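For the working numbering, count along the first sequence from 1 and bump the result up by 153. All C-beta atoms in this analysis are idealised placements derived from N, C-alpha and C, irrespective of residue type, glycine included. All values derive from a computational prediction rather than experimental measurement. The structure appears right after this line, and notes come after that.
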Amino acid sequence: MDSNFYNQVHELVRLVPFGKVTTYGAIANALGAKGSARLVGYAMNQSHLVHPKVPAHRVVNRNGMLSGKFHFEDSNMMQSLLENEGIVIIADKIQNFKNVFWDPLQELTSI
DNA sequence: ACAATGACCCAAG
DNA sequence: TCTTGGGCCATTG
């Protein structure tokens with residue numbers, strides 16, 4: 154969309170490397186919209202409408218829980234995609250979350 | 001311009 | 001550890 158905020162969220166999510174995940178709050182923080190984690194989630198709702206497509210399955214909440222899996226075409230697709238990247242998920246929660254967590258701030262400071 | 005929405009986060013019980 | 005309630009703020013109708 155024209156909205157800068159959504160666009161920034163989408164671009165940032167696209168930067169998430171294979172086999173890694175990030176959180177809504179981390180994205181919001183990286184964009185300077187610190188308390189607006191909800192807006193990140195809201196932006197993800199539009200993620201399937203933008204191009205190129207956004208790897209929304211690599212974005213979870215701060216607990217590592219697949220909170221957005223019901224927004225996919227199939228409820229089990231999000232978990233399948235993550236498992237395909239080597240991420241272990243049990244009871245909709247990412248195991249060893251710290252190990253697979255990717256902080257978007259690292260990418261921003263890298264620029 | 002106002003009210004409602006939400007793929008979140010934090011604190012308290 | 002799990003559940004509840006309030007706050008947050010851009011987007012949408």
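Tell me which residue opens and which closes the alpha helix (DSSP H) that residue i is part of.
i	result
K251	F250 to V253
R167	N157 to R167
A190	A190 to N198
M231	M230 to N237
Spatial neighbours of residue i within its chain, please: C-beta separation below 8 Å, excluding the five flanking residues on both sides.
i	result
L235	V174, H210, R211, L219, I242 and I247
V166	T175, I180, M197, S200, V207, P208, A209, R211 and V212
P205	R167
Kindly list the residues whose CB is nearer than 6 Å to the CB of residue i, restricted to its own chain and excluding five residues on each side of it in sequence; keep chain order.
i	result
L184	Q161
G194	Y177
Which partner residues of residue i appear in the DSSP bridge assignment?
i	result
T175	V212
K246	M218 and I243
By Cβ distance, which residues of its chain are closer than 7 Å to residue i, with the 5 residues on each side in sequence left out?
i	result
F171	E238
W255	V169, P170, K173, V174 and T175
With distances taken between CB atoms, is the gap from residue i to residue j smaller than 8 Å?
i	j	result
E260	L192	no
M231	G221	yes
By alpha-carbon positions, which one of the options ends up nearest to residue i?
i	options	result
A190	S228, Y159 and E226	Y159
A244	S233, V253, N252 and H224	S233
N252	G217, E226, S228 and T262	G217
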